[in-house]
Each structure stands twice: as C-alpha cells, then as structure tokens.
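In the numbering used here, the protein residues as written are 342 to 1004. To start, the structure itself, in structure tokens.
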Amino acid sequence: MTTSAGDDLRAQEEEQQRQLGVLQGIADHAVARVADGRLRWDVWLEQASRHGRYGFTNTLLIPAQRPTASDVRSYDAWQKQGRQVRRGETGIRIISTRGKPRTVFDIAQTDGHTIERPELTPAEGLRRLSQLAADLDFYVDRGQGWTYLGRPGRRIKVAPELDDTIAATVLAHQLAHALRPGGRIDPVSDYSASCHGVRRVLADSVAYIVLAELGLDISRLSFPPSQRWAGKDARTDSFAAIRAVGDQIVRTSTRLKRRLHDLSETAPPTAAPRETAKPDRSQMSSPPAESPQQASAGSTSELHAALADTHRFYRRNLQGSWGTRYLAGRGFTSAMQEQWEIGFAPRAWRSLLRHLRELGHSDQTLIEAGLAKQKDGGEPFDLFRDRVVFPLRDRGGEVIGFIGRRRDDAQGPKYLNTPETALFHKGDVLFGLHEGLPQFARTARPLLVEGPLDAIAVNVAMPDLYAAVAPCGTAITAEQIKGIGVHTDLEASGLVIALDGDPAGRVGAVRAWRTLHRITGPVEAAVLPQGQDPAELLSPTSHSGVREALLCVTPLADLVVDESIQRSGGALEFVESRLAAAQAAAALIAELPPDQIARQVTRVAVRTGVDPTDVTTFVASAISPDPSADAWSPQLPSPDRQNTERRNPSHPASPKRTNRRTT
C-alpha cells in the first residue's frame, strides 16, 4: 500500500469515526429525553414498532432524522421490492450491526410497486399468536375443558371471557416472558396481579410491538413514566436502564415478529390486504450485545480517590479566602460558587500535601495525579497555591484535574492547569462539558469560550441558548469536538465560538478554523466588544454589549476568508494583489462543505473585484491541485492595461459584515 493510499484509508476511517460519534450523540440525546420523560415511552414504542429490526439505537436515530418514517430500507433493498429511491432524496443515517454508518431511505422517498400486507381481524390475530405459541411448544388454555398433562411451565392461561383483542394482548405479554433467557410466564391469566415494575414494562412493551405488527388495537396498553422504573438520575443508572430494557424489548419483539412472518409464509391469506411495507427480513438480525466496560486498574482508582479528596479540601477552603470575595465582586454569587463546586488552594506550600498524607495517600500518588511536584528529589510541594480552583471532569463526571486562577496582582501564569497524567489530557478535556449535559439535552448550542469563568457566566445567564465550554489553555482540538459531539448533534446545532474583537481575535479565528471547519453543521462566531469577555454577562454595568454579541453571530468562514483576503491582498490596490487575495481565499473555500462554497465564491468576488468564474477556477484548482496541462487559468492583464488599473481598481468596496441573530 502506498503512503497516499494509506493516508486516504486513514482519512476514511477518521471520517467514519466522526460520523459514528455524531450518530451516537443523537442517540444519547434521545435516551436522555426518554429518561427525563420528554419522550414518552409509548411514543418510543411506536418508533420501535416501525424500526425495531435495525436495533435499539436506530429506533432513536431514524425518527430523529425523519419523524414521519414508517418503513426504511437500503437503496438495493427497495430495488428488490420493485421500488426506486427518487433522485435527490436525502438518506437516513443509521449504525449497522457491524458498527459502521449506513444509509437507508423511507418508503415515502421511493416510487414503484405497491407493497401490501394482510389486515387481520382480532380473531385472526389471536389465531396467529396461538399458532406461534404452539410452534414454541406452549399450550394456550382458554378453558377448553381438556385436561393438560404437559409440563406446568409450558401452559399459558387466557381467561375465556376476554375478548379476542385483550386475549391477544395477554398472550403476547406471556410470549414476551417466554422468549427471554431464563424467562418464566406469569402463573395466572390475570398477569396484572403478579407482574410489576420493569418486568411488566418489558413484557407489555413487547406485546405493544407485536400487536402493532399484526394491526391489532394497542390502545388498552398503558405505561408508567420511565422515571418510575428507570430512576431519575440522568447521569448514572437511568440511562443504562433505558438502554438495557429498550435493547431487550427490541430483541424479543424482533424474534417474535420473525417467527410470525415465517409462519405466515406457510399459511394461506385470510384477510384483505392493505398498502404498507412488509418487514425486510434481510435486515432483521438482532443487534449485537454491547460489551461491558473494562474495570479500572487499582492505580487509577488511587488517583481518582486522591483527586476527590483534593476537591473536597479545596471547596472547604474557599469560604473566607480572597477567592470568594473576588468571585462575588464579578457577579458570581455564593450559590453559583456552590453549584459549580469552585474551590480555593491555600497559599502555603504544603497544606494540601499534609492533608492528603493524613488521609493515607502516598506522595507518589499525589505526584502522579498532578497535585504535587518534586524538584531534584527534594520534598514534594503543592502544585496549586493561592489560586481559585475549578474542577475538570471526565465524561462520567469524575474529577480528573483542575484549573487554578491566580489573583490579579500575583506573579505567574493567569491560569494553571493540572499537568498531563494518566487521567488528564488537556487536549481531550473541556471545562463545563459534563455540567452542560442538561442544556445539551434541551438542544442548547455549544459555545466555545476562553476560560472557566466565561463558561460559568454564559451557562448561568443564557442557559436556554448556549451550553458554554472552555478548553484548558489550548486551541480547540479534534478530540474536544468529538467529546461535544457525543452529547449533541453538531450537524444540526453546529457550534459558536466567542472571539475578541481585536487582531488577536482574528488570529484566534484562523487557529480555531483549522479544527472547526470539519464540522458539517453551522460554525459561527460571536465577536465580542474589545476588552470584554463573556464573564461580564454577570456584571451589572457591562453585560449588555457582551449579551448582544452572543445573540448576533456571523459565519466563522466569513471572518477567516476576510482575514485571508486582508493578509494576502492588503489594500487590494493592484490586480496582482486582488488575484493573490482571491487565490488565498480559494484555498480556504476548498475546505468548506459543498453547500457553502457558492456563497463564499460570491463574497470573494465582491471583496476583490475578481470575476466569479476566476474565483471558481481557483477553488477548483485548490480542490484538485494537479490540473491537466491544457487546463485554463486566468491571465494577468497586459502591461498597458495593468498600469491603468493600478491606481483605478474596479472592485467595489468591501461589504459590511452581515450578522444574523441566533435563535
């Protein structure tokens, strides 16, 4: 394999992982909505009845992209059914059973032969379920008066007085129990007397999906709020409970539906057909079980314990320090300080070290956790001293490091981070990402700011609009963007970055662009008033200008392209400088998503006075840098014409930046 081919393969793999991260983020957001009750359980069941054959995660992904989808299949699968996906239709992205992104299309996006399925009466539906029970070696007892001599655990009692719809519901409920590993059926026909909690939710949910497959009435099934059986802590067990139960429901109902389908192929049709889509059996394999996470090593546990004890120590020391007065003076109330668990590192050289030694932590553990330093084999000392301290957390919420801010009149760096450790890698971590989970669940947009106080201020003052996060003193990295994408759909929400309105801000825009341009969603910038930062949102005197800047954003690509034009073309006095500016801008435009290129070509043509066709050619050359020998390139004017144009540039004045108000 050549180096070029290897690079292409790696690029494809990175893009695939990026897409998987985005898709998993969408699914995680949907799980959060189920866990807190915003997505009702019966609404999810309706989605699962349509798309369950693709696995639990995809029952969330498909309606998130196309809420009206009723039957989705691959392009080739539709062709096999005599239907053709219409030209220009946007595919629905799902995750295959092999863990790769895959595209499917809804039946409404296709044309072709009508797909029909028999519409069953309640009696016929009950008969089909009874056949299925017999195929599974169960005996359905509806009071026939016969003596059952088989194994007790294979007898399903259904009260004879029940109508066919309710009897079918009871039977489907019992079959859901029977198909679970180690499952047992309810001992009486009135299962409501013996089936409770998660067991009841699981079996009734399977019954819902199976009855929907048969076209029977499901209105008599009701479900308690998910918080009642899955828990209310969205950060821990409730998410796991939703996923585990949802996965079992999808697997069990898929098995039952597959068996029903197999039995129907050998039985004659008994009812009039209706237009719909039959299950695509080629796609009906059960999703693979998720592997459990590996347990942490003992040394990692020691680091976590030392960091947790350190955090408690810092929090206790905040009250009475200059830190609490400093924070209050900037508008951060004591309630905010408590909510964000801000702490204070005392001024003494070894106050933390002595405290942690008393708790049984070794000096080596403290050094490895980034809490203490040691020079030339001497006595260790505290890393953070006389600083306001902000905790840095991993995705699970555990403290893995700190950011310390010095007082304004002190020496040393304004912000000090925990050094690289086994737990903390500053290029991976964002302050505020874990704390912003509730806002991401409400579809707030990610906002990149400079420091922790900026992030806290935005999250306090504008929680419905933004979920603000701050890198740890580094330029934004691809890993940090990946971390954001776990919690929100970046393709839909995009991202906003807050920039200073000075030359340093323009440099920051270019530096951030190198990473952010890979995001397919809208990437925008909020240009702050010069000398102000987002933390001033909590100031009673200077918050209005910052708030207005955060409400009025502009595409980051506009700022970066304009900066490139200014850097390469200067005042754009001469034809050469205008062409140089257009070529420099074209190199940036070539990196944009295709749907943004035309707009930027027009902007560059207006800014530089270069013909749009020439700008387009520059962009094409930047995308494909090895043109054929006879490829056309714009010609410089003749010397006579050039001398005329040197002092009379024909390009119009640069337009003012057009901002849009974010919603």
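For glycine and all other residues, C-beta sits at the position ideal for the given N, C-alpha and C. Only a predicted model underlies this, so the values are computations on that prediction, with no experimental measurement involved.
Do residue 797 and residue 681 count as a contact pair if the criterion is CB distance below 7 Å? yes
Coarse secondary structure for residue 838, derived from DSSP in three states: strand
Three-way DSSP call (helix, strand, coil) for residue 865 in this model: strand
Per DSSP, residue 844 is paired with what? Paired residues: none, contrary to the question.
Given that a residue counts as buried once 16 or more other Cβ atoms are within 10 Å of its Cβ, and exposed if not, what is residue 350? exposed
Looking at chain D, is there any beta carbon in it that lies within less than 7 Å of the beta carbon of residue 930? Among the protein chains of the structure shown there is no chain D, as only one such chain exists.
Nearest-angstrom Cα separation, counted from residue 946 out to residue 940: Taking the straight line from one Cα to the other gives about 10 Å.
On the three-state DSSP scale, how would you describe residue 650? helix
Nearest-angstrom Cα separation, counted from residue 388 out to residue 407: 11 Å
In terms of residues, what are the limits of the beta strand (DSSP E) holding residue 444? 442-447
Name the residue from 510, 546, 758 whose alpha carbon lies nearest to the alpha carbon of residue 382. 546
If you drop the 5 nearest sequence neighbours on each side, which residues of the same chain put their C-beta closer than 7 Å to that of residue 620? Unreliable positioning characterises residue 620 in this predicted model, as indicated by a pLDDT of 37, which lies under 50. The coordinate reading is nonetheless provided below. If we look at residue 620 and ignore the five residues flanking it on each side, its Cβ neighbours are 394, 598, 602.
Whose CA, out of 544, 464, 927, 508, lies closest to the CA of residue 525? Comparing Cα positions, the closest option is 544.
With a Cβ-Cβ cutoff of 7 Å, do residue 552 and residue 513 count as a contact? Yes, these two residues count as a Cβ contact at 7 Å.
For the candidate residues 761, 809, 456, whose alpha-carbon lies nearest to that of residue 837? 809
On the three-pair Cβ rule with 8 Å, is the region 902-909 touching the region 828-837? The way I'd put it, the region 902-909 doesn't touch the region 828-837; fewer than three beta-carbon pairs between them come closer than 8 Å.
Pairwise C-alpha distance: residue 963 and residue 970: Residue placement at residue 970 is flagged as unreliable, the pLDDT there being 37, under the threshold of 50; the coordinate-derived value follows with that caveat. Looking at the two C-alpha atoms, the distance is approximately 16 Å.
Backbone CA spacing between residue 565 and residue 447 [nearest angstrom]: 31 Å
Per the contact definition of three or more C-beta pairs closer than 8 Å, is the region 395-406 in contact with the region 364-375? yes
Taking the C-alpha atoms as reference points, what is the distance between residue 872 and residue 841? 7 Å
Anyone know if the C-beta pair for residue 794 and residue 676 falls short of 7 Å? no
Pick out whichever of 751, 816, 788 has its Cα sitting closest to the Cα of residue 835. 788
Contact the region 578-588 vs the region 371-381: 3+ CB pairs below 8 Å: yes
C-alpha gap between residue 863 and residue 892, whole angstroms: Going from the Cα of residue 863 to the Cα of residue 892 covers about 15 Å.
Check this for me: beta carbons of residue 450 and residue 430, under 7 Å apart or not? Taking 7 Å as the Cβ cut-off, residue 450 and residue 430 qualify as a contacting pair.
To the nearest angstrom, how far is it from the Cα of residue 811 to the Cα of residue 521? Roughly 46 Å separates the two Cα atoms.
Between the Cα of residue 561 and those of 605, 725, 504, 527, spot the shortest distance and give me the residue it belongs to. That would be 504, whose Cα lies nearest to the Cα of residue 561.
Inspect the beta-carbon positions of residue 443 and residue 433 and report whether they are closer than 7 Å. no
First and last residue of the alpha helix (DSSP H) that includes residue 715? Segment: none, residue 715 is in no alpha helix (DSSP H) and carries neither H nor E.
At what residues does the beta strand (DSSP E) containing residue 539 begin and finish? Note, residue 539: premise wrong, no beta strand (DSSP E); alpha helix (DSSP H) at 538-555.
Between the region 646-659 and the region 737-747, do three or more beta carbon pairs fall short of 8 Å? Taking 8 Å as the limit for Cβ pairs, the verdict is that the region 737-747 does touch the region 646-659.
Is the region 770-787 touching the region 707-720, taking contact as three or more C-beta pairs under 8 Å? Contact fails: fewer than three Cβ-Cβ distances are below 8 Å.
DSSP state of residue 507 mapped onto helix, strand, coil: helix
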